[in-house]
Amino acid sequence: MTLTLRQTARLMKGTIENGLPSSTAAGYSIDTRTIQPDELFFAIVSARDGHDFVQTAAIKGALGAVVSRKIAPPTSDFALIQVHNTLLALQDLARGVRRDSAAQVVGITGSIGKTTTRAFAASLLSLRYRVLQSEGNLNSHLGVPLMLLRLNPSHEVAVLEMAMSRAGEIARLTQIVEPDIAVVTNVYPVHLEFFRSIEEIAAAKMEILKEMKTGGIAVLNGDDPRVEAMSHQARGPVIRFGLSDACDIRAADVQPTPERGLRCLLRYGGLEEPVNLPFVYTSYLSNFLAACAVGYALGLELSAVLETAPTLLPLSNRGRMYSLKCGLILVDDSYNSSPAALDSALRSLGGFQAPRKIAVLGDMLELGENGIRFHEEAGRTTAETGWDMLVTVGPLARHIAGGAVNAGLPGKQVLSFETAEEAGPHIQSLLKEGDLILVKGSRGVKLETIVEIIKRKDD
Numbered sequence: 227m228t229l230t231l232r233q234t235a236r237l238m239k240g241t242i243e244n245g246l247p248s249s250t251a252a253g254y255s256i257d258t259r260t261i262q263p264d265e266l267f268f269a270i271v272s273a274r275d276g277h278d279f280v281q282t283a284a285i286k287g288a289l290g291a292v293v294s295r296k297i298a299p300p301t302s303d304f305a306l307i308q309v310h311n312t313l314l315a316l317q318d319l320a321r322g323v324r325r326d327s328a329a330q331v332v333g334i335t336g337s338i339g340k341t342t343t344r345a346f347a348a349s350l351l352s353l354r355y356r357v358l359q360s361e362g363n364l365n366s367h368l369g370v371p372l373m374l375l376r377l378n379p380s381h382e383v384a385v386l387e388m389a390m391s392r393a394g395e396i397a398r399l400t401q402i403v404e405p406d407i408a409v410v411t412n413v414y415p416v417h418l419e420f421f422r423s424i425e426e427i428a429a430a431k432m433e434i435l436k437e438m439k440t441g442g443i444a445v446l447n448g449d450d451p452r453v454e455a456m457s458h459q460a461r462g463p464v465i466r467f468g469l470s471d472a473c474d475i476r477a478a479d480v481q482p483t484p485e486r487g488l489r490c491l492l493r494y495g496g497l498e499e500p501v502n503l504p505f506v507y508t509s510y511l512s513n514f515l516a517a518c519a520v521g522y523a524l525g526l527e528l529s530a531v532l533e534t535a536p537t538l539l540p541l542s543n544r545g546r547m548y549s550l551k552c553g554l555i556l557v558d559d560s561y562n563s564s565p566a567a568l569d570s571a572l573r574s575l576g577g578f579q580a581p582r583k584i585a586v587l588g589d590m591l592e593l594g595e596n597g598i599r600f601h602e603e604a605g606r607t608t609a610e611t612g613w614d615m616l617v618t619v620g621p622l623a624r625h626i627a628g629g630a631v632n633a634g635l636p637g638k639q640v641l642s643f644e645t646a647e648e649a650g651p652h653i654q655s656l657l658k659e660g661d662l663i664l665v666k667g668s669r670g671v672k673l674e675t676i677v678e679i680i681k682r683k684d685d
C-alpha cells in the first residue's frame with residue numbers, strides 16, 4: 227500500500243523531522259543488508275542498534291528512516307520520522323495498513339505445520355483470489371508487520387504465519403493482524419526452553435482466539451484434544467478439520483504409497499470426493515485439511531480443491547520425496563525437527579515396503595530439560611516402526627541411537643557422528659539401489675549437506 231510520509235507518521239504517531247511529507251516509500255526494511263532504493267528504514271533496537279546503520283541506509287538509497295532518538299539527517303533530503311519506539315511504530319503502521327485493506331486476513335499458528343498449511347492454503351485460494359502470503363521466516367513480531375506492509379489494493383486474501391517462542395507473543399501479533407480467520411494447527415512440545423509444560427504452550431496458542439475480532443472464524447484441529455479444548459474461546463463460527471467423524475473437513479480411507487503419495491476420500495462440507503496428494507506424511511494430510519478448511523470458510527468450491535490438490539508438493543527441505551535415477555528414494559526433511567514431526571515422519575515412512583529403510587536423524591533443539599528423553603523416545607520409535615538402519619548426527623542425536631538400540635535395533639545397524647560433514651561420506655558409501663532414506667534434523671545440524679551428497683549419486 228502506497229503511503230505518503232505524512233500518512234506514515236500519522237499511523238505511527240510520529241513526527242516528520244526531515245524530508246518532504248508528500249514523498250512516498252517504495253517499501254519498508256529493518257535490514258540495511260537487503261534494503262532497496264527508496265525504502266523506509268526502521269532503526270530497530272535489539273541486539274544491535276539500528277540507529278548505527280542509518281548512514282548505511284542512506285548510502286544504499288533509502289528514502290529515509292524511522293528513529294527513536296534525535297540524529298542528524300545523513301543528507302539534506304533524507305527523511306526522518308521521530309517516534310517513541312521504532313518496533314511499536316512498525317507494528318502500529320502495519321496494523322493501520324491492515325485496517326485500511328479490504329483483504330480477508332488468515333492468521334495461522336500452531337506448534338508444527340504452520341508453513342506447510344500457509345503454502346497449501348495460499349495455493350488453493352490462488353485459483354479464485356489474489357493472495358499475499360508470508361515469505362521465508364517473516365512470521366515474528368518483526369516479520370509479520372513487514373508482511374502486512376506488503377498489502378496493496380489488489381490483494382483479496384492475506385495468509386500469514388504467526389510464530390512465537392514465549393507467552394504473550396501470539397496475543398500481540400493477533401492485535402496487529404486482526405485475522406478474519408484464525409487457524410490453530412496443533413499443540414506439541416516445542417520451544418520447551420521457554421515453557422514449563424505443554425499446557426502453557428496450548429494457552430499461548432489460544433491467545434489467537436482470545437484476541438481475534440468478534441465474528442471471526444476459528445479453524446481448529448478436531449483431532450488434537452488441546453486444540454479442540456480451545457473452541458470455547460472462539461468469538462464466532464468454528465470449522466474443525468481432521469480424521470474424526472465430528473470434523474467438518476475430513477479425510478477418510480487414507481491410503482499411502484511411496485511412489486504416488488496419499489490417496490483419501492475428502493469430505494468438504496456436505497460433499498465427498500477422492501483426492502490424490504503428492505506427499506506421504508500423515509501430518510501433511512492434517513495441514514492439507516486445515517488449508518481446505520480455510521478455503522471452505524472463504525467459499526472455495528470443492529472442484530477448485532480437487533484441481534489444485536495433486537500439485538501441493540511439500541516445500542523444499544520439508545518432506546519432499548525424490549526418486550533418484552540411481553534407484554534411491556530420498557525424503558528430504560532437513561529443514562527442521564521436533565518430537566511430534568519426527569514421530570510422524572518415522573511412522574508415515576516406516577510402513578513402506580523397501581529393500582532397506584535408513585533414517586538419518588539429527589539433533590532436535592530447543593527442547594529444554596526434557597531434550598534427552600525426547601531423543602530416546604525417537605530412538606524407540608525408529609526401532610519399532612520398521613527402520614533397518616539408523617544414522618545419527620549431533621551430540622543430542624546420540625540419545626536417539628541409544629533409545630533405538632535399547633528398543634531392539636541391532637547396534638551394528640546404528641552409526642553416530644558429531645557433524646553432517648563427518649557423516650556425509652559414510653552415508654554415501656553405504657547406500658544401495660532400492661534404499662529409502664529419510665533425512666531429518668533441526669536447522670542447526672545442517673543436514674542439507676547430507677541431502678546434497680546423496681543427490682550427487684545421480685551425477
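Under this note's numbering, the residues of the sequence shown are numbered 227 to 685, in order.
Glycine residues also receive a C-beta, built at the ideal position from the N, C-alpha and C atoms.
Examine the Cβ distances between the stretch 611-630 and the stretch 525-541 and report whether three or more of them are shorter than 8 Å.
-> The answer is no - the stretch 525-541 does not touch the stretch 611-630, with fewer than three Cβ pairs under 8 Å.
Residues bridged to Thr687 (per DSSP) | Since the first residue of the chain shown is 227 and the last is 685, residue 687 is not available in this structure.
For Asp661, which of helix, strand or coil comes out of DSSP?
-> Reduced to three states, the DSSP call for Asp661 is strand.
Do Cys473 and Lys683 come within 9 Å of each other at the CB atom, strictly closer than that value?
-> No.
Cβ of Ala609 within 9 Å of Cβ of Asp569?
-> No.
Beta carbon of Thr282, beta carbon of Thr250: below 9 Å?
-> Against a cut-off of 9 Å, the Cβ pair of Thr250 and Thr282 comes out as no contact.
Below 6 Å CB to CB, which residues in the same chain sit around Gly276 once its five sequence neighbours on both sides are set aside?
-> Around Gly276: Ala269, Ile270.
Do Asp589 and Ser563 have their C-beta atoms closer together than 9 Å?
-> It is a contact, given that the beta carbons lie within the stated cut-off.
Going by beta carbon distance, what residues of the same chain come within less than 6 Å of Ala348, once the five residues before and after it are set aside?
-> Within the same chain, Cβ atoms closer than 6 Å to the Cβ of Ala348 are found at Val357, Gln359, Val385, the five residues on either side in sequence being excluded.
Pull up the DSSP beta-bridge partners for Gln359, would you.
-> Within the DSSP bridge table, the entry for Gln359 names Val385 as partners.
Which one of Ile338, Thr645, Val292, His652 has the shortest CA to CA distance from Gly670?
-> That would be Thr645, whose Cα lies nearest to the Cα of Gly670.
Distance, Cα to Cα, Phe420 vs Gly336?
-> Rounded to whole angstroms, Phe420 and Gly336 show a C-alpha spacing of 15 Å.
Please look up how many angstroms separate the CB atoms of Val416 and Glu602, rounded, as I've assumed it's under 8 Å.
-> That pair is no contact at about 17 Å.
Is Arg324 closer than 9 Å to Ile334 when the C-beta atoms are compared?
-> Judged by beta-carbon spacing, Arg324 lies beyond the 9 Å limit of Ile334, meaning their Cβ atoms are not closer than that value.
At which residues does the alpha helix (DSSP H) containing Val370 begin and terminate?
-> It spans 369-374 - the alpha helix (DSSP H) in which Val370 sits, taken as one unbroken run.
Those residues which DSSP pairs with Ile555 across a bridge = Answer by DSSP bridge pairing, in chain order: Ser549, Leu662.
Is it buried or exposed for Gln330, if we count other Cβ within 10 angstroms and need 16 for buried?
-> Answer is buried; the Cβ neighbour count reaches 16.
Where does Tyr494 fall in DSSP's three states?
-> Residue state, collapsed to three classes: strand.
Span of the alpha helix (DSSP H) around Val677 | Unbroken alpha helix (DSSP H) run through Val677: 674-681.
What residue range is occupied by the uninterrupted beta strand (DSSP E) comprising Gln579?
-> Neither: Gln579 is in no beta strand (DSSP E) and is coded neither H nor E.
Endpoints, the beta strand (DSSP E) within which Gly628 is located | Per DSSP, Gly628 belongs to no beta strand (DSSP E); it is in the alpha helix (DSSP H), 624-632.
Closest to Asp661 by CA distance: which of Leu266, Ile555, Ala305 is it?
-> The residue with the shortest Cα to Cα distance from Asp661 is Ile555.
In the structure shown, what three-state DSSP assignment does Gly287 receive?
-> In the structure shown, Gly287 adopts coil according to DSSP, grouped into three states.
Confirm, please, whether the CB-CB distance from Lys583 to Ile663 is below 9 Å.
-> In this structure, Lys583 lies closer than 9 Å to Ile663 by Cβ.
What are the start and end residues of each continuous alpha helix (DSSP H) run of 4 or more residues lying completely inside the stretch 311-356, in chain order?
-> Complete alpha helix (DSSP H) runs here, min 4: 312-326, 340-351.
In whole angstroms, what is the alpha-carbon distance linking Leu538 and Gly576?
-> If I take the Cα positions, the gap works out to 22 Å.
Beta carbon of Arg476, beta carbon of Leu492: below 9 Å?
-> Taking 9 Å as the Cβ cut-off, Arg476 and Leu492 qualify as a contacting pair.
Nearest-angstrom Cα separation, counted from Leu488 out to Val480 = Cα-Cα distance, rounded: 7 Å.
For the alpha helix (DSSP H) containing Ala428, list its first residue and its last residue.
-> Per DSSP, Ala428 belongs to the alpha helix (DSSP H) from 424-431.
Inter-stretch contact (C-beta, 8 Å, three-pair minimum) for the stretch 405-416 and the stretch 369-381 | Under the 8 Å Cβ criterion, the stretch 405-416 does not count as touching the stretch 369-381, having fewer than three qualifying pairs.
Using a threshold of 9 Å, state whether the C-beta atoms of Leu673 and Val619 are closer than that.
-> Yes. Within cutoff.
For Thr611, three-class secondary structure by DSSP | Residue state, collapsed to three classes: coil.
Please report how far the alpha carbon of Pro405 lies from the alpha carbon of Glu659, in whole angstroms.
-> Between the alpha carbons of Pro405 and Glu659 lies a distance of about 49 Å.
With distances taken from CA atoms, which of Ser668, Ala252, Ala315, Leu316 is nearest Gly597?
-> Relative to the Cα of Gly597, the nearest Cα in the group Ser668, Ala252, Ala315, Leu316 belongs to Ser668.
What residues match up with Glu499 in a beta bridge as DSSP calls it?
-> Beta-bridge partners of Glu499 (DSSP): Leu492.
Bridge partners - Arg466, DSSP secondary structure assignment = Note: Arg466 sits in a beta bridge opposite Leu446.
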